[in-house]
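Letter by letter, the sequence shown follows residues 13 to 606 in my numbering. Backbone N, C-alpha and C define an ideal beta-carbon position, used for all residues, glycine too.
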Amino acid sequence: MSLKKYSIRSMALAFIVAVIFIFAACSSSIFLPGIRQNTDHIVRGNGTSAVQYGNYVYYINGYRGFDDVDGNQNKDVVKGAVYRTELFSNGKIGGDFDSLTHMQFYGDPTDSVNYNPDISSESYIRRNEELRDMRFFNHESTEWDDGVYDDEKTIVVDTNRLADKTVGTSGYKDGGMFIFDEHLFFATPSNERDYKGNLLSNRTQFFKVNLFTGVRTKVYSTNNDSFDSPYAFYKFNNAVYLVVKDGTDIVSVKAAGAGKSTKPVVVASSVEEVIMPHASVYYKDMPQDYVENFVYFTRAHEQNFMTKGNVLEMTSPDGSQRLVLSDAAGRNIKLHSVRDGMLFFVEPRNDGSAVNLLRYDNLYEARRQLAIERGVTDTEFESNNVYWDENGVIVGYDYQNVYINERAQVDGIALQYSDSEYTSIYPFRRNRNSNFPEFLANTENETRYISNPKDKQIVINTSAIDIQFIKDGFVYYIDSNSNVARTYVDREHSNNSQKVDILTSQAVQTSGLRVAIVADYLVYFSKLDEFADNYAFFQYILFDSNAKEFFVGQRSSDDIKPEEDADNGNSGDNGGENGGEDNSGGDGQTRHNF
Numbered sequence: 013m014s015l016k017k018y019s020i021r022s023m024a025l026a027f028i029v030a031v032i033f034i035f036a037a038c039s040s041s042i043f044l045p046g047i048r049q050n051t052d053h054i055v056r057g058n059g060t061s062a063v064q065y066g067n068y069v070y071y072i073n074g075y076r077g078f079d080d081v082d083g084n085q086n087k088d089v090v091k092g093a094v095y096r097t098e099l100f101s102n103g104k105i106g107g108d109f110d111s112l113t114h115m116q117f118y119g120d121p122t123d124s125v126n127y128n129p130d131i132s133s134e135s136y137i138r139r140n141e142e143l144r145d146m147r148f149f150n151h152e153s154t155e156w157d158d159g160v161y162d163d164e165k166t167i168v169v170d171t172n173r174l175a176d177k178t179v180g181t182s183g184y185k186d187g188g189m190f191i192f193d194e195h196l197f198f199a200t201p202s203n204e205r206d207y208k209g210n211l212l213s214n215r216t217q218f219f220k221v222n223l224f225t226g227v228r229t230k231v232y233s234t235n236n237d238s239f240d241s242p243y244a245f246y247k248f249n250n251a252v253y254l255v256v257k258d259g260t261d262i263v264s265v266k267a268a269g270a271g272k273s274t275k276p277v278v279v280a281s282s283v284e285e286v287i288m289p290h291a292s293v294y295y296k297d298m299p300q301d302y303v304e305n306f307v308y309f310t311r312a313h314e315q316n317f318m319t320k321g322n323v324l325e326m327t328s329p330d331g332s333q334r335l336v337l338s339d340a341a342g343r344n345i346k347l348h349s350v351r352d353g354m355l356f357f358v359e360p361r362n363d364g365s366a367v368n369l370l371r372y373d374n375l376y377e378a379r380r381q382l383a384i385e386r387g388v389t390d391t392e393f394e395s396n397n398v399y400w401d402e403n404g405v406i407v408g409y410d411y412q413n414v415y416i417n418e419r420a421q422v423d424g425i426a427l428q429y430s431d432s433e434y435t436s437i438y439p440f441r442r443n444r445n446s447n448f449p450e451f452l453a454n455t456e457n458e459t460r461y462i463s464n465p466k467d468k469q470i471v472i473n474t475s476a477i478d479i480q481f482i483k484d485g486f487v488y489y490i491d492s493n494s495n496v497a498r499t500y501v502d503r504e505h506s507n508n509s510q511k512v513d514i515l516t517s518q519a520v521q522t523s524g525l526r527v528a529i530v531a532d533y534l535v536y537f538s539k540l541d542e543f544a545d546n547y548a549f550f551q552y553i554l555f556d557s558n559a560k561e562f563f564v565g566q567r568s569s570d571d572i573k574p575e576e577d578a579d580n581g582n583s584g585d586n587g588g589e590n591g592g593e594d595n596s597g598g599d600g601q602t603r604h605n606f
């Protein structure tokens, strides 16, 4: 995309706007508590850089890194802070969006006439296009004079800062923001000091922000360096818990909920590996017995006579329930992933060969046992098993026997491979009724799709790709030019010509959190202009993979063109490379060219 040209009057006006922003941006624009979040809605995107909560999107404004040399760089943050922007539905639902419950918005599975759990995601989207086609809130439309924005229609987006701290940690890609009920939760580098005055910036603090009042409260500070430690927030037994690996301990902290907050509890010690999965979807009274609602870890045997191998365990978020899943008969278990209702872990084959066994387990019996311990009956456990797809759409109830395999133990060996065969493996399950997972496997030179180890492996890319996620039959990944791309992942398309969509017009930031999709927007960090890099961009991709990306948030005063260069250009211009012009100001509004 080429840079836009401006008249002298245009540049002068834009410069005035930019100068106003330089002064206005110095003040905090924490959101106004008069804007209330409807907590009846479903939450989508938990644990990523952008989370949708009904008609609002909460997002990280950019990636600024995590260094804090003097303890002052994590205060009044703009780039890297949490912002909130409203969505609307182009007037298709008559302004009643905020009154819709999650069941009305996403479809009611109990409505046998209008709901079919067997339909494809694409058909479901078409049928509910009227309710799903949402865009950022159009606050004002106007035609600007004097050639500014080339006389194109200007959309004004209201955006407000919710938390003025850097969100995330430098080494953990799966721990973004989480929202449960009236609170948003996040991690941030510590700017505390020890008793000697030493800055503890390699440690991590965790906070919650009330979505009604904007009040921020510290939940926990780690006791060990933790810039790459796994963490997640969970809703369990009517409370929200932070779970974090702190050193070699797994620590649980009650972050919100009924009763007083509890002191940190050490759930497990001498931990080797840990996986803290999290459901991307949350709504009130959601069942809590999914695979994604537990924490999984390995540790050494506690018995002295067991000198080989380790133990695989699962624990509830509050640490009240622990269960040994496997002791591997003296072999070392390595955790792999939790995805699509399956735990994946690796064991060496017990014949002394250099072959690894990638195992899968839906943990039905283990989850059932823990539920019964809490007083849940068999009937309640089965009837509570409601399942959703990656779009946050509820896709089936067990009483329909659609997902009958979720009512039985499903486990086995998914794949046998040597260390030299693949550099990485991405197992996934097409739906929760599938007994056998599929795979994307990277070699040094290519990426292969494997539907069954006995079938021919299909090459879907001629280079190894950095997989971000799979959604609606596409794998989204970072290509060799650091662009976001997507291609078909299924057998039908893989046997034909392999279409590849390059979704971004320039390189994206690959450090920090992964690329995300929320409210049908692709969200990533990229260059705003030559003075401002790694800001959050949104690109609507549901129906158009070539949609123009745009910047919604606020530019930091550190990323403004120097004043002495203003007579040579527009200090607020982010150029056509990103498809929009930034003139964001301290009033919490951002103007864009669409």
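- Message: Contact defined as beta carbons within less than 8 Å: I believe N62 pairs with V535. What is the distance between those atoms, to the nearest angstrom?
- Response: Position 50 of the sequence shown, counted from the first residue, corresponds to residue 62. Position 523 of the sequence shown, counted from the first residue, corresponds to residue 535. One point to set straight first is that residue 62 is Ala, not Asn, in the sequence displayed. Contact between A62 and V535 holds: CB atoms are separated by about 4 Å, below the 8 Å threshold.
- Could you pull out every residue in the same chain whose Cβ sits closer than 6 Å to the Cβ of F473, ignoring the five residues on either side in sequence? Position 461 of the sequence shown, counting from 1, holds the residue named residue 473. The identity of residue 473 in the sequence shown is Asn, whereas the question assumes Phe. Closer than 6 Å at Cβ, skipping near neighbours: T459.
- Query: Going straight from the alpha carbon of Y232 to that of S492, what length do you get?
  - Reply: Counted from its first residue, the sequence shown places residue 232 at position 220. Counted from its first residue, the sequence shown places residue 492 at position 480. Distance between the alpha carbons of Y232 and S492: 39 Å.
- Query: E204: buried (16+ other C-beta within 10 angstroms of its C-beta) or exposed?
  - Reply: The residue given as residue 204 occupies position 192 in the sequence shown. Exposed: under 16 other Cβ atoms inside 10 Å.
- Does DSSP put D390 in a helix, in a strand, or in coil? Position 378 of the sequence shown, counted from the start, is the residue given in the question as residue 390. The answer is helix: DSSP assigns D390 an H, G or I state.
- Query: Can you tell me where the alpha helix (DSSP H) with R215 in it begins and where it stops?
  - Reply: Against the sequence shown, residue 215 aligns to sequence position 203. Here R215 belongs to no alpha helix (DSSP H), and DSSP marks it neither H nor E.
- S365: which of G321, K346, Q428 sits nearest, CA to CA? Here residue 365 corresponds to residue number 353 of the sequence shown, with the count starting at 1. Nearest C-alpha to S365: Q428.
- Task: Classify R380 as helix, strand or coil using the three-state DSSP reduction.
- Result: Taking the sequence shown and counting its residues from 1, one reaches residue 380 at position 368. In this structure, R380 counts as helix in the three-state DSSP scheme.
- Query: Going by beta carbon distance, what residues of the same chain come within less than 8 Å of Y294, once the five residues before and after it are set aside?
  - Reply: Sequence index remark: in the sequence shown, residue 294 carries index 282 (1-based). Excluding sequence neighbours, Y294 sits near I54, V55, N58, I191, F192, K247.
- When DSSP labels each residue in this structure, what does E304 get in the three-state scheme? To locate residue 304, count along the sequence shown from 1; it is residue 292. When DSSP states are grouped into helix, strand and coil, E304 belongs to the helix group.
- Residues bridged to K257 [DSSP beta-bridge criterion]: Taking the sequence shown and counting its residues from 1, the one referred to as residue 257 is at position 245. K257 is bridged to I262.
- Item | Residues near T522 in its chain [Cβ-Cβ closer than 8 Å; skip 5 each side] | Position 510 of the sequence shown holds residue 522. Cβ neighbours of T522 beyond the five flanking positions: D478, I490, S494.
- Query: What's the C-alpha gap between T178 and A270?
  - Reply: As a working mapping, residue 178 is identified with position 166 in the sequence shown. As a working mapping, residue 270 is identified with position 258 in the sequence shown. One C-alpha to the other measures close to 29 Å.
- Query: Would Y434 pass as a contact of L452 if the rule is Cβ separation under 7 Å?
  - Reply: Counted from its first residue, the sequence shown places residue 434 at position 422. Counted from its first residue, the sequence shown places residue 452 at position 440. No, the Cβ-Cβ distance between Y434 and L452 is not below 7 Å.
- Could you tell me if S258 is buried or exposed, where buried requires 16 or more neighbouring beta carbons within 10 angstroms of its beta carbon? Along the sequence shown, read from residue 1 onward, the residue named residue 258 stands at position 246. It should be noted that the sequence gives Asp, not Ser, for residue 258. Classification for D258: buried.
- Message: Among the candidates A268, A267, V263, A291, whose CA atom is the shortest distance from the CA of V11?
- Response: Outside the displayed span of the chain (13 to 606) sits residue 11, for which this structure offers no information.
- Message: Less than 7 Å between C-beta atoms, sequence neighbours within five positions excluded: which residues of the same chain meet that for V512?
- Response: The sequence position of residue 512 within the sequence shown is 500, counting from 1. Result list for V512: A497, T499, in chain order.
- Looking at C-alpha atoms only, which residue of A548, K346, I553, S569 is the closest neighbour of G92? In the sequence shown, the residue the question calls residue 92 occupies position 80. Of the candidates A548, K346, I553, S569, the one whose C-alpha sits nearest the C-alpha of G92 is A548.
- Query: Is it true that the CB of N86 sits closer than 7 Å to the CB of D79?
  - Reply: Taking the first residue of the sequence shown as position 1, residue 79 is located at position 67. Taking the first residue of the sequence shown as position 1, residue 86 is located at position 74. No. Outside cutoff.
- Neighbourhood of D571 by C-beta, 6 Å cutoff - its chain only, sequence neighbours within 5 removed: Within the sequence shown, the letter at position 559 stands for residue 571. Only F543, A544 meet the Cβ criterion.
- Query: Closest by CA to Y302, which one among Y376, L99, S568?
  - Reply: Indexing the sequence shown from 1 puts residue 302 at position 290. Answer by Cα proximity: Y376.
- Message: On the DSSP letters alone, give me the boundaries of the beta strand (DSSP E) that L375 sits inside.
- Response: Mapped onto the sequence shown, residue 375 falls at position 363. Here L375 belongs to no beta strand (DSSP E), and DSSP marks it neither H nor E.
- Tell me, to the nearest whole angstrom, how far the beta carbon of L382 is from that of Q333; I am working on the premise that it is less than 8 Å. The residue given as residue 382 occupies position 370 in the sequence shown. The residue given as residue 333 occupies position 321 in the sequence shown. The pair is a contact, with the Cβ atoms about 5 Å apart (cut-off 8 Å).
- In chain order, each beta strand (DSSP E) run of at least 3 residues that lies wholly inside the region 523 to 549: 528 to 530, 533 to 538
- Item | Three-pair Cβ contact test at 8 Å for the region 208 to 224 versus the region 296 to 313 | no
- Per-residue burial, G187 [other beta carbons within 10 Å of its own, 16 or more giving buried]: As a working mapping, residue 187 is identified with position 175 in the sequence shown. With 16 or more other Cβ atoms within 10 Å, it is buried.
- Cβ-based burial, D467 [other Cβ within 10 Å; buried from 16]: Mapped onto the sequence shown, residue 467 falls at position 455. Burial call: exposed.
- Message: Could you tell me the alpha carbon to alpha carbon distance between S517 and V323, rounded to whole angstroms?
- Response: Walking along the sequence shown from the start, residue 517 turns up at place 505. Walking along the sequence shown from the start, residue 323 turns up at place 311. Rounded to whole angstroms, S517 to V323 spans 47 Å at the Cα level.
- Message: Could you tell me the alpha carbon to alpha carbon distance between K573 and V90, rounded to whole angstroms?
- Response: Looking up residue 573 in the sequence shown gives position 561. Looking up residue 90 in the sequence shown gives position 78. If I take the Cα positions, the gap works out to 16 Å.
- Hey, S436 and N454: beta-carbon distance below 7 Å or not? Translated into the one-based positions of the sequence shown, residue 436 becomes position 424. Translated into the one-based positions of the sequence shown, residue 454 becomes position 442. Yes, they are a contact pair.
- Task: Report the option in V265, G66, D532 whose CA atom is closest to the CA atom of D330.
- Result: By 1-based counting over the sequence shown, the position of residue 330 is 318. Taking only the C-alpha atoms, the option nearest D330 is V265.
- Item | Selection from E394, R379, S432, L370 that minimises the alpha carbon distance to G424 | To locate residue 424, count along the sequence shown from 1; it is residue 412. Residue L370 is the option with its Cα nearest to G424.
- Message: Quick check on this structure: which residue in R441, V530, S538, D541 has the alpha carbon closest to the alpha carbon of V501?
- Response: Position 489 of the sequence shown holds residue 501. Considering only alpha carbons, the answer is R441.
- Query: What are the boundary residues of the beta strand (DSSP E) that H53 is part of?
  - Reply: In the sequence shown, counting from the first residue as 1, residue 53 sits at position 41. Element bounds for H53: n/a, residue is neither H nor E.
- Query: With 16 other CB atoms within 10 Å as the buried threshold, where does I553 fall?
  - Reply: As a working mapping, residue 553 is identified with position 541 in the sequence shown. With 16 or more Cβ atoms within 10 Å of its Cβ, I553 is classed as buried.
- Query: Which value, in whole angstroms, describes the spacing of the CA atoms of A199 and G387?
  - Reply: The residue labelled residue 199 in the question sits at position 187 within the sequence shown. The residue labelled residue 387 in the question sits at position 375 within the sequence shown. One C-alpha to the other measures close to 34 Å.
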